[in-house]
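Chains as they are written, first to last, in UniProt numbering: chain A, 1 to 236; chain B, 1 to 236.
Here it is in structure tokens:
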């Protein structure tokens, strides 16, 4: 299995997919590929606009994607894909639309058989067993909370340490503290912006300068860097 | 119907329930009351600790609450309540536990018959038709997304204008923009910290110095203050 799970598409002030595009290119290699893009997390803009935005960036490194929405049958699109890319946006909208289109099991099985998977933000969240570590507003009711389950742990994308000043709402760490009490058997990876989880050749590692914050009930929360081994996360 | 719906319990740097406790006292009056407190939104601390924290503040204004968890039958506790108070925490945990205890319809009917309802944060969110404008992490799957439906609009508690600097994740306004596209018939009230929605004598108004931000699909987003009439929100 080959996974590239990005915290976020874009760092503030940079161009769209600016920081990860070379990593995506290296991950996918030089051979021409049929890359199928799932744009369902988009809510405030169209799927066409979303695919165009992704291509606007990835064309610069020689990659082109085709949105699932441009195919008569999105299931066939997935079946024929050389690589699958799932974009960010609203995780609830993404999950519900994947479910409505019958793509959850199909993408899981396809990726488990070796098709490379690239996700960012919501697209990384749905690589996990469920969407239950999303930051997004539940604007639509999914058929279930279960997602691709490509990895046995949960990712919290856009992990951040700070709250805006003078705000009394929960910090992200407090929200994850609630999650691990309610779900004591599951690891949560707080994946900071500008970092990526990479799984290949049986090895899970972190790409990026910033550390990831690893939460599990009953164990000390730790910070791991790109030099550390992340494979213990796969054993739960 | 009498409602006091607070954005938050506590402003940063102030004592617990510091800013609203005089308002709560004025709302409930001087007569001794059997105030039943729903502590189910607590995740990282016990229901006993939660009720003690609330009493630690409200005793100063002559009020005492009893947690639903201290009664043999929480349904009977609600039936016999003179006032109902629902505390903040995790909205998903609150909703699921209300559902598991069969309290959704019971509290709705009791409040619709005139029992005063006070909620803060998650406790204000569940006064709405659904929990779909929560900021909280979905750490537990509710039986449904439907909540008390005491008002026909949605409240987003802890509404805030800013993102932490140098963070690429969605702002709150962007999240609500997604909600109103997906749910075009529903008003959303962005209720800033330190403000309260008050319904009494058929009149809905805002208490507090800061304005509330009102969102609806296809209409201009507006800021309303404590001098404005909020009753149009009740007509949807």
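From the three backbone atoms N, C-alpha and C, an ideal C-beta is built for every residue, glycine too.
Using a CB distance below 9 Å, the part of the stretch 157–168 of chain B facing chain A consists of 157, 158, 160, 161, 162, 163, 164, 165, 166, 167, 168, ordered along the chain.
Close to chain A, meaning a Cβ-Cβ distance shorter than 8 Å, are the following residues of the stretch 175–209 of chain B: 175, 176, 177, 178, 179, 181, 182, 183, 193. Sequence-distant partners of residue 19 of chain B (beyond 5 residues in either direction) whose C-beta falls short of 6 Å from its own C-beta, in its chain, are 11, 194. A residue is called buried when at least 16 other Cβ atoms come within 10 angstroms of its Cβ; residue 232 of chain A does not meet this threshold and is exposed. Residue 16 of chain B sits exposed, since fewer than 16 C-beta atoms from the chains shown fall within 10 Å of its C-beta. Among the CB atoms of chain B, one or more fall inside 8 Å of the CB of residue 132 of chain A.
Under the DSSP definition of a beta bridge, residue 198 of chain B partners with B:4, B:205. Around the CB of residue 113 of chain B, fewer than 16 other CB atoms lie within 10 Å, so the residue is classed as exposed. Taking residue 181 of chain A as reference, the option from B:28, B:116, B:61, B:43 with the minimal CA-CA separation is B:43. Close to chain B, meaning a Cβ-Cβ distance shorter than 7 Å, is no residue of the stretch 30–42 of chain A at all. For residue 12 of chain A, the nearest CB of chain B lies under 8 Å from its own CB, placing it at the interface with that chain. For residue 85 of chain A, the beta-bridge partners assigned by DSSP are A:37, A:118. Per DSSP, residue 139 of chain A has no beta-bridge partner at all. DSSP, read as helix, strand or coil, puts residue 163 of chain A in coil.
The bridge partners DSSP lists for residue 190 of chain B are B:156, B:213. Contact between residue 127 of chain A and residue 91 of chain A is ruled out by a C-beta separation of about 11 Å, above the 8 Å threshold. The distance from the Cβ of residue 191 of chain A to that of residue 177 of chain A is about 17 Å, inconsistent with a contact at the 8 Å cut-off.
Judged by their CB atoms, residue 197 of chain B and residue 188 of chain B are not nearer to each other than the 8 Å cut-off.
Closest in C-alpha terms to residue 234 of chain A, from the list A:158, A:205, A:210, comes A:205. DSSP, reduced to helix, strand and coil, places residue 227 of chain A outside both helices and strands of the structure shown, so it counts as coil.
In this structure, the CA atom of residue 71 of chain A is about 11 Å from the CA atom of residue 38 of chain A.
For the C-beta of residue 145 of chain B, the chain A residues within less than 8 Å are, from N- to C-terminus, 138, 141.
Within the stretch 111–127 of chain A, contact with chain B at the beta-carbon level (separation under 9 Å) is assigned to 121. For residue 66 of chain B, the pairing in a beta bridge is given by DSSP as B:36. In the DSSP assignment, residue 170 of chain A is bridged to no other residue. Within the stretch 85–99 of chain A, contact with chain B at the beta-carbon level (separation under 9 Å) is assigned to 89, 90, 92, 93.
Among the CB atoms of chain A, one or more fall inside 8 Å of the CB of residue 8 of chain B. Cβ contact annotation for residue 81 of chain B (same chain, cutoff 8 Å, sequence separation greater than five): 34, 35, 36, 110, 115, in chain order. If you ignore the 5 residues before and after residue 62 of chain A, its C-beta comes within less than 8 Å of the C-beta of 25, 30, all in its own chain and listed in chain order.
Look at residue 111 of chain B here: in three-state DSSP terms it is helix. When beta bridges are read from the DSSP output, residue 130 of chain A appears opposite A:146.
DSSP links residue 222 of chain A through a beta bridge to A:214. With 16 or more other CB atoms across the displayed protein chains lying within 10 angstroms of its CB, residue 175 of chain A is buried.
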